[in-house]
Amino acid sequence: MNYLQSMFITLITVRKDFKDGLYDIAHSLQRINMAFYFAWGDTKARYRRSILGPFWIVLSTAISVAGLGFLWSALLRDEPSKLVPSLTVGLVIWQFISGCILESSSLLVRNAHFIRNMSIPYFIFAIQLLMRQLINFGHNFIVVIAVLAIYPPQFSAVQLLVIPGLILIIGNLAWIVLFLAMVGARFRDFEQIIGALMPLMFFLSPVIYRSSQLSMGQEIIWLNPFTYLITLIRDPIMGTQPPLFVYEVAISALLIGGTLSIYQFGKRRGKIAFWI
Amino acid sequence: MAYINFDNVTVAYPIYSGGAKSLTNNLINIGTGGRVTKGSGSVVTITALENISFKLSDGDAIGLIGHNGAGKTTLLRTMAGIYKPVSGTVMKSGKISTIIELGAGLDSELTGYENIYRMGLLLGMSKKEIDNLIPSIEIFTELGNFLEAPVRTYSSGMLMRLMFAVNTATMPEILIVDEMFGTGDKGFQEKAEDRMKNVISAAKIFVFASHSDYLIEKFCNRVFELKHGRMQEIY
Numbered sequence: 035m036n037y038l039q040s041m042f043i044t045l046i047t048v049r050k051d052f053k054d055g056l057y058d059i060a061h062s063l064q065r066i067n068m069a070f071y072f073a074w075g076d077t078k079a080r081y082r083r084s085i086l087g088p089f090w091i092v093l094s095t096a097i098s099v100a101g102l103g104f105l106w107s108a109l110l111r112d113e114p115s116k117l118v119p120s121l122t123v124g125l126v127i128w129q130f131i132s133g134c135i136l137e138s139s140s141l142l143v144r145n146a147h148f149i150r151n152m153s154i155p156y157f158i159f160a161i162q163l164l165m166r167q168l169i170n171f172g173h174n175f176i177v178v179i180a181v182l183a184i185y186p187p188q189f190s191a192v193q194l195l196v197i198p199g200l201i202l203i204i205g206n207l208a209w210i211v212l213f214l215a216m217v218g219a220r221f222r223d224f225e226q227i228i229g230a231l232m233p234l235m236f237f238l239s240p241v242i243y244r245s246s247q248l249s250m251g252q253e254i255i256w257l258n259p260f261t262y263l264i265t266l267i268r269d270p271i272m273g274t275q276p277p278l279f280v281y282e283v284a285i286s287a288l289l290i291g292g293t294l295s296i297y298q299f300g301k302r303r304g305k306i307a308f309w310i
Numbered sequence: 238m239a240y241i242n243f244d245n246v247t248v249a250y251p252i253y254s255g256g257a258k259s260l261t262n263n264l265i266n267i268g269t270g271g272r273v274t275k276g277s278g279s280v281v282t283i284t285a286l287e288n289i290s291f292k293l294s295d296g297d298a299i300g301l302i303g304h305n306g307a308g309k310t311t312l313l314r315t316m317a318g319i320y321k322p323v324s325g326t327v328m329k330s331g332k333i334s335t336i337i338e339l340g341a342g343l344d345s346e347l348t349g350y351e352n353i354y355r356m357g358l359l360l361g362m363s364k365k366e367i368d369n370l371i372p373s374i375e376i377f378t379e380l381g382n383f384l385e386a387p388v389r390t391y392s393s394g395m396l397m398r399l400m401f402a403v404n405t406a407t408m409p410e411i412l413i414v415d416e417m418f419g420t421g422d423k424g425f426q427e428k429a430e431d432r433m434k435n436v437i438s439a440a441k442i443f444v445f446a447s448h449s450d451y452l453i454e455k456f457c458n459r460v461f462e463l464k465h466g467r468m469q470e471i472y
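Read top to bottom, the protein sequences are chains W and C.
Residue numbers for the first sequence, in the working numbering: 35 to 310.
Residue numbers for the second sequence, in the working numbering: 238 to 472.
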């Protein structure tokens, strides 16, 4: 009887923690307009006294693409018509994903001022980060469109798969950002660890190259979670449909990762104000 | 009807030493049994508030006094829901507005006007509501053209005027203020007192931490005293 009682109590606590997490997320979603206003404000502020403004984002991506594109196509002995569009899309997606991940570990710490002084749901900061990165992604997409105009892929209904792909990426990034933010709030060297790992992941992920170009690493590349995220958007843009298992993995990750993150969030949330 | 009810609330801070804040230290500990790195397990807990109980309802204006480090700001934060108690329950109802740290919610690169929008949004107002309140905020702060300058050019007194104006512009149901009036000049203090009277009568619950007996006497109808985390109501 004692064992059953303790199981029961654990289940109730778990349910309560999960509900607390959902509560914060719900309150954050209610204030999504504010998150957008701040994200847009941050973007404007970053380029406030600069000449080109936010088009610096576009310019730097265009330069990377132009430079790297032709360099790597010569080095990898790949045709520019295949490599340059693939590289461009890969770079733009990578900037989005790594931008979110690099900033997530310091997310709560950076917003300590708000968290300590007003009653505010924490997930709103994650929403703000995602929006800011999406705004950057939108600007960078101009370069993608320009490159696709020069090296057009096959256009068909497959391109529309970009939309569910993007939704799956954003959904997964949402729980990843939340989780990393909590770890980063508790352990202050986590930010450095992530900062050291991400450049490595850049080379281990099919950003510059396509997974089909790896002679022996075909299966290994799919052990890398970033491969799934990149494939979800790049393949449809290039005209190929991503294999079904990519969607299966992405959806499972979203459900399992999301549930675990929300539970942990609800459980630790009370301590976060003391950690930062 | 607004209320804040504390029932045997205890709030404890974990303080992590440098080692405890490091992930690599904690991971190494798992492998070596704590012999290689010292101090990764040292977490000191400070009990900031102990067994606090009270009931606040409409019409209460509480003055909170106590020595430095008694736990006044911690209590204010726990009332606002910023800190969660380690034991006991906090029940509250009503929209809360807090003025605790000077400059919280302000972005120093943005102008005064932009910060008014920023703070207003953080307080839960809509853009339209803020638009309607801008004229009265302009008049109250008397900052004139400074509102168009970035907030990092402001003195602390000017910052306080701005924060105070925005936080009291919407009449919140529960207003929690942490000893702020020190930095305002005399003209502002008089204005602030008038405004405070209006806000307090509109606010259902007002909690004010201060070292100034004069202000507490002026605004509050109940007084709580905190000593080393324990609270007593005094008249």
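Ideal Cβ placement from N, Cα and C applies to all residues, glycine included.
Since this is a predicted model, take the numbers as computed values, not measurements.
Would you kindly report the start and end of the unbroken beta strand (DSSP E) that includes residue i?
i	result
Ile241 (chain C)	Tyr240 to Tyr253
Phe443 (chain C)	Ile442 to Ala446
Gln469 (chain C)	Arg467 to Ile471
Thr328 (chain C)	The displayed chain sequence assigns Met, not Thr, to residue 328 (chain C). Taken as a continuous stretch (DSSP letters only), the beta strand (DSSP E) holding Met328 (chain C) covers Ser324 to Ser330.
Thr282 (chain C)	Val280 to Ser294
Ser334 (chain C)	Ile333 to Ile336
Phe461 (chain C)	Arg459 to Lys464
Ala298 (chain C)	Asp297 to Gly303
Val241 (chain W)	Counting along the chain, Val241 (chain W) falls outside any beta strand (DSSP E), and DSSP gives it neither H nor E.
Leu102 (chain W)	Here Leu102 (chain W) belongs to no beta strand (DSSP E); instead the alpha helix (DSSP H) covers Phe89 to Leu109.
Asp415 (chain C)	Ile411 to Asp415
CA-CA distance, residue i and residue j?
i	j	result
Ile242 (chain W)	Trp209 (chain W)	26 Å
Ile296 (chain W)	Gly55 (chain W)	5 Å
Met152 (chain W)	Gly466 (chain C)	22 Å
Val287 (chain C)	Thr247 (chain C)	It is Glu, not Val, that sits at residue 287 (chain C) in the sequence shown. Near 5 Å, if we compare the C-alpha coordinates of Thr247 (chain C) and Glu287 (chain C).
Phe425 (chain C)	Val280 (chain C)	44 Å
Met468 (chain C)	Thr326 (chain C)	16 Å
Ile283 (chain C)	Leu231 (chain W)	36 Å
Phe221 (chain W)	Ser259 (chain C)	5 Å
Phe130 (chain W)	Arg432 (chain C)	47 Å
Ile302 (chain C)	Ala402 (chain C)	24 Å
Phe42 (chain W)	Leu212 (chain W)	28 Å
His61 (chain W)	Pro155 (chain W)	6 Å
Ala439 (chain C)	Thr335 (chain C)	15 Å
Ser373 (chain C)	Gly361 (chain C)	18 Å
Val192 (chain W)	Gly273 (chain W)	6 Å
Arg409 (chain C)	Ser330 (chain C)	Residue identity differs from the one stated: residue 409 (chain C) is Pro in this sequence, not Arg. When rounded, the distance between both Cα atoms is 12 Å.
Suppose the cutoff is 6 Å on Cβ atoms and the five residues either side in sequence are ignored; what does the same chain contact list for residue i look like?
i	result
Ala307 (chain W)	Ile149
Asn145 (chain W)	Phe159
Ile337 (chain C)	Asp415
Tyr463 (chain C)	First, the amino acid is wrong: residue 463 (chain C) is Leu here, not Tyr. Taken in chain order, the residues that qualify are Gly303, Ala307, Gly308 and Lys309.
Ile59 (chain W)	Phe157
Ala215 (chain W)	Ser138, Leu141 and Leu142
Can you name the start and end residues of the alpha helix (DSSP H) that residue i belongs to?
i	result
Val436 (chain C)	Lys423 to Ala439
Asn352 (chain C)	Gly349 to Leu359
Val192 (chain W)	Looking at the DSSP string, Val192 (chain W) is not in any alpha helix (DSSP H), and its letter there is neither H nor E.
Ala69 (chain W)	Ile66 to Arg80
Val388 (chain C)	Run containing Val388 (chain C): none; DSSP gives neither H nor E here.
Leu180 (chain W)	It should be pointed out that residue 180 (chain W) corresponds to Ala in this sequence rather than to Leu. Phe157 to Ile184 is the span of the alpha helix (DSSP H), which, as asked, contains Ala180 (chain W).
Excluding the five sequence neighbours on either side, which residues of its own chain have a C-beta within less than 7 Å of the C-beta of residue i, listed in chain order?
i	result
Ala284 (chain W)	Leu202, Asn206, Tyr262 and Leu266
Gly342 (chain C)	Arg355, Met356 and Leu359
Arg272 (chain C)	With a pLDDT of 45 at Arg272 (chain C), under the threshold of 50, the modelled position of that residue is not reliable, and no figure is offered here.
Thr311 (chain C)	Val248, Ala285, Leu286 and Tyr320
Leu125 (chain W)	Thr95, Ser98, Val99 and Val241
Lys301 (chain W)	Asp51
Arg398 (chain C)	Thr378, Leu380, Gly421 and Phe425
Ile255 (chain W)	Pro240, Ser245, Leu248 and Thr261
Using C-beta distances below 8 Å, list every residue in its chain close to residue i, excluding the 5 sequence neighbours before and after it, in chain order.
i	result
Leu117 (chain W)	Gly103, Trp106, Ser107 and Leu110
Leu136 (chain W)	Ile228, Gly229 and Met232
Leu194 (chain W)	Pro270
Ile437 (chain C)	Ala298, Leu412, Phe443 and Phe456
Asn245 (chain C)	Asn288, Ile289, Ser290, Ser324, Gly325 and Thr326
Pro114 (chain W)	Gly103, Phe104, Ser107 and Tyr185
Would the beta-carbon of residue i be found less than 7 Å away from any heavy atom of the ligand SAM?
i	result
Thr348 (chain C)	The ligand SAM is not part of this structure, which contains no ligands at all.
Pairing CB atoms from the stretch 85-92 of chain W with CB atoms from the stretch 100-116 of chain W, are three or more of them under 8 Å? no
Quick one: which residues of the stretch 68-81 of chain W get their C-beta closer than 7 Å to a C-beta of chain C? List them in chain order. Met68, Tyr71 and Ala79
Quick one: which residues of the stretch 172-199 of chain W get their C-beta closer than 7 Å to a C-beta of chain C? List them in chain order. Taking 7 Å as the Cβ-Cβ cut-off against chain C, none of the residues of the stretch 172-199 of chain W qualify.
At a CB distance below 7 Å, what residues from the stretch 46-67 of chain W approach chain C? Give them in sequence order. Going along the stretch 46-67 of chain W in chain order, one finds no residue with a Cβ nearer than 7 Å to chain C.
Using 8 Å as the threshold, is the stretch 176-196 of chain W in touch with the stretch 88-103 of chain W, meaning 3 or more CB pairs across them? yes
Give me the subset of the stretch 122-156 of chain W whose CB atoms are less than 8 Å from a CB atom of chain C, sorted by chain position. His147, Phe148, Ile149, Arg150, Asn151, Met152, Ser153 and Ile154
Anything in the stretch 353-382 of chain C with a Cβ closer than 7 Å to a Cβ of chain W? List those residues in chain order, please. Leu358 and Leu359
When you check each C-beta in the stretch 285-306 of chain W against every C-beta of chain C, which residues fall closer than 8 Å? Arg303, Gly304 and Lys305
Answer yes if the stretch 69-76 of chain W comes into contact with the stretch 157-171 of chain W, meaning at least three C-beta pairs across the two stretches below 8 Å, and no otherwise. yes
Within 8 Å of chain W by C-beta, residues of the stretch 298-318 of chain C in sequence order: Using a CB distance below 8 Å, the part of the stretch 298-318 of chain C facing chain W consists of Arg314, Ala317 and Gly318, ordered along the chain.
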